[in-house]
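Protein chains in written order, with the numbering used here: chain A, 1 to 327; chain B, 1 to 327.
Protein chains: 2
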Amino acid sequence: MTLSEFDIIRRYFAAAGARRNDVAVGIGDDAAVVDVPRGRQLVLAMDTLVSGVHFPEETRAEDIGYKALAVNLSDFAAMGAEPAWATLALTAPRNDPAWLAAFAEGFSVLARDTGVQLIGGDTTRGPLTVTVQVQGFVPHGQAVLRSGARPGDVVYVSGSLGDAGLALRRWQQGWAPISIDEQYLAMRLNRPVPRLAEGCALRGLASAMIDVSDGLAADLGHILEASGVGATLALDALPLSPVFQRVCAAMGQVQGARLALSAGDDYELCFTVPAARQEQVERQFAAFDCGCRVIGVIEERAGLRVRQTDGSPLLFEHGGYDHFAAP
Amino acid sequence: MTLSEFDIIRRYFAAAGARRNDVAVGIGDDAAVVDVPRGRQLVLAMDTLVSGVHFPEETRAEDIGYKALAVNLSDFAAMGAEPAWATLALTAPRNDPAWLAAFAEGFSVLARDTGVQLIGGDTTRGPLTVTVQVQGFVPHGQAVLRSGARPGDVVYVSGSLGDAGLALRRWQQGWAPISIDEQYLAMRLNRPVPRLAEGCALRGLASAMIDVSDGLAADLGHILEASGVGATLALDALPLSPVFQRVCAAMGQVQGARLALSAGDDYELCFTVPAARQEQVERQFAAFDCGCRVIGVIEERAGLRVRQTDGSPLLFEHGGYDHFAAP
């Protein structure tokens with residue numbers, strides 16, 4: 001069976017995601033046309049996943065479809081914004097209907113869950129590369145930026161850190177996840193849950209926010225730089241999942257918290273909160289499964305410092321994943 | 001010199017294009033935030049260019065940067081929409097500052113000319129692939145769709161057809177454009193002029209519109225399908241540039257008009273107009289350099305028919321470029 005570009009779009013993507021009544025023109029014309037509600041600002045996030053760079057080549061098509069949308073929704077969470085419409089640029093080496101159907105299904109499951117409609121994009125032939133853009137809204141002037149952290153603010157992180165990074169390391173060692181623990185780690189890598197409700201709840205509470213895609217140290221570093229401040233974290237305070245701790249112990253890896261500090265792909269939220277609003281934040285998070293934890297404090301002195309259990313400073317590499325760093 | 005992903009964004013892209021005061025948050029946060037004016041609908045177009053597929057691998061970086069934006073602006077023209085903000089997903093195999101600077105300059109020249117600001121995107125390492133999304137506005141309910149053509153409407157095309165396709169064919173034969181004619185053709189391929197003013201002028205006049213990216217026959221075919229109509233074109237009526245005619249003659253290619261019917265990449269506008277509005281359209285186009293020409297008529301009977309000089313039907317392949325067709 002040979003499907004044309006147009007057949008592919010019609011068959012797999014035209015119905016992907018939610019149905020929204022603010023879409024005037026969806027897939028099938030030169031451009032999409034939608035209605036932005038009054039009093040809202042338009043928010044746009046775009047991220048690319050490249051095969052072999054952002055995910056192992058053997059990753060399942062449905063996981064790629066899911067994750068390509070999830071990483072953008074995570075950016076929305078980090079702005080306190082609500083997603084509405086997605087566009088998809090899919091470059092694929094072959095016209096493989098089974099692969100395309102699985103990819104579209106993975107994308108669609110998350111899109112439906114989050115009320116997002118796929119309204120346009122482009123399908124082209126070439127090395128596997130997926131770019132998704134998500135567009136949506138935030139009430140006027142209420143987007144949570146990276147630049148608002150102030151000395152004295154408390155640093156929080158949602159959920160737990162290091163699971164995805166641990167999965168990726170094991171994958172790179174020729175891993176085939178079998179046990180329940182391993183499958184949990186693989187899910188954390190392949191199916192990150194964008195913290196959308198949590199992000200929206202933090203509007204008006206968090207002074208700065210970012211999602212942890214490149215690693216906590218690197219991403220918190222962006223907040224520090226944009227805000228012109230520094231921070232000290234307690235290594236012991238980093239939230240580690242029970243699975244992460246078990247697998248690290250089984251590997252003889254005693255420095256789990258150090259991996260959690262630098263590993264990317266967790267898509268948790270890292271945010272800063274003025275002390276006066278801490279109680280409100282913790283009340284809000286009581287409603288969320290993922291929870292949140294205080295991991296440090298914002299300080300005037302630039303730079304990121306990490307204290308170990310005995311109070312001594314941890315020396316670590318600041319950088320997260322840099323796509324153009326020498327391999 | 002080694003630049004990080006963040007250096008690249010700061011150095012080459014943060015200042016690309018126009019400065020707009022409706023941009024609340026541009027490059028440098030998790031997402032961009034902009035203001036959509038009241039009474040306007042939001043329009044979004046996304047297109048990908050893959051090296052070796054959409055442009056020859058030896059294409060200059062500045063031409064790739066220009067064209068990646070131009071093909072999206074052409075979609076805007078075909079909707080009668082006004083562009084405002086662009087996002088860019090650039091996947092490149094190396095961190096080559098000279099290449100990146102040239103790419104950004106080509107992109108920026110066209111962005112400034114058209115009042116477009118680059119507000120976000122992603123830079124990743126991988127095989128050269130460029131996805132651009134342009135977002136902008138159209139007055140409520142006034143987007144020109146593909147679906148409005150009615151029997152009796154006249155079919156127009158702007159500018160001339162075939163120049164870009166002829167350049168691409170010559171390029172594939174190991175071409176190095178030297179003469180003024182050759183350079184003109186290369187410009188038509190590498191630096192297509194999006195017909196933005198023309199497209200906006202056709203709001204309320206054209207009943208349907210598309211831009212000619214895959215070839216006239218294929219793209220007009222999309223209008224016919226979306227509108228549930230057919231058309232007959234006169235092969236002799238296709239507008240051919242003097243350069244195109246000279247080069248075809250020099251090549252001993254007597255069937256220039258047939259190439260003009262099927263060749264893509266011209267980014268002219270193909271549109272349909274009710275007879276009662278023809279005079280208005282031609283008055284409007286008197287102000288535009290590119291001009292426009294009647295090439296056929298919309299009919300009730302489905303399908304595209306092309307008449308040759310002697311009135312006999314031309315048999316031709318309907319399809320334009322299909323990215324997933326067997327090579």
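The beta carbon of each residue, even a glycine, is placed where N, CA and C say it ideally should be.
Between Pro127(A) and chain B, the shortest Cβ-Cβ separation is below 7 Å.
Counting C-beta pairs with one atom in each stretch, the region 161-179 of chain A and the region 66-78 of chain B have fewer than three that are closer than 8 Å, which means they do not touch.
For Ala275(B), same chain residues with a beta-carbon under 7 Å away, outside a window of 5 residues either side, are Gly152, Val154 in chain order.
For Gln41(B), the C-beta contacts it makes with chain A under 7 Å involve Ala24, Val33, Val34, Asp35, in order along the chain.
Checking the DSSP bridge columns, you'll see Cys292(A) partnered with Ser158(A).
Below the 9 Å Cβ cutoff, chain A contributes no neighbours of Leu233(B), its closest Cβ being approximately 20 Å away. Listed as beta-bridge partners of Ser51(B) by DSSP are Phe55(B). A contact between stretches requires three or more CB pairs, one per stretch, nearer than 8 Å, and the region 211-224 of chain A meets this requirement with the region 296-308 of chain A. Using a Cβ-Cβ cut-off of 7 Å, Asp122(A) counts as an interface residue toward chain B, since at least one Cβ of chain B sits closer than that to its own.
A Cβ-Cβ distance of about 6 Å is found for the pair Gly264(A) and Ser213(A), placing them in contact under the 8 Å criterion. The DSSP assignment places 208-211, 230-234 as complete runs of the beta strand (DSSP E) inside the region 187-260 of chain B, in order along the chain (cut-off: 3 residues). If you compare the alpha carbons of Arg20(B), Gln135(B), Pro83(B) with that of Val43(A), the shortest gap goes to Gln135(B). Sequence-distant Cβ neighbours of Leu189(A) in its own chain, meaning closer than 7 Å and more than five residues away, are Ala164, Ala167, Leu168, Asp265. Membership of Pro139(B) in the beta strand (DSSP E) is indicated by the continuous run 129-139.
With a 10 Å radius around the Cβ and a threshold of 16 neighbouring Cβ atoms, Val254(A) comes out exposed. Gly159(A) sits away from Ile27(A), with the two beta carbons spaced by 7 Å or more. According to the DSSP assignment, Arg170(A) belongs to the alpha helix (DSSP H) that extends over 163-172. Chain A has a Cβ within less than 7 Å of the Cβ of Thr91(B). Using a C-beta cut-off of 8 Å, the region 108-115 of chain A makes no contact with the region 175-186 of chain A, since fewer than three inter-stretch Cβ pairs fall below that distance.
Beta-bridge annotation (DSSP): Ile298(B) is paired with Ala231(B).
In the DSSP assignment, Leu90(A) falls within the beta strand (DSSP E) that extends over 82-92. Chain A has a Cβ within less than 7 Å of the Cβ of Leu44(B).
With fewer than 16 other beta carbons inside 10 angstroms of its own, Ile178(B) counts as exposed. A direct Cα-to-Cα measurement between Ser241(B) and Gly148(A) gives close to 57 Å. Gly126(B) and Val53(A) have their C-alpha atoms some 8 Å from each other. The contact set of Ala78(A) on chain B, defined by CB atoms closer than 8 Å, consists of Asp30, Ala31 in chain order. Look at Gln133(A): its C-beta is under 7 Å from a C-beta on chain B.
Taking a 10 Å sphere around the C-beta of Pro192(B), we find 16 or more other C-beta atoms and assign the residue as buried.
For Ala111(B), the enclosing alpha helix (DSSP H) has its first and last residue at 97-113.
Its Cα nearest to that of Met79(B), the residue Thr272(B) stands out among Glu282(B), Asp289(B), Arg277(B), Thr272(B).
Think of a sphere of 8 Å around the beta carbon of Arg38(A): the chain B residues whose beta carbon falls inside it are Arg38, in chain order.
Restricting attention to Ala201(B), Arg301(B), Glu300(B), Phe285(B), the CA atom closest to the CA of Val294(B) is found in Phe285(B). If you draw a straight line from the Cα of Cys200(B) to the Cα of Leu118(A), it comes to about 26 Å.
Gln142(B) carries a coil assignment under DSSP once its states are collapsed to helix, strand and coil.
Here DSSP, grouped into helix, strand and coil, assigns Gly28(A) to coil. In the structure shown, the three-state DSSP call for Asp122(A) is strand.
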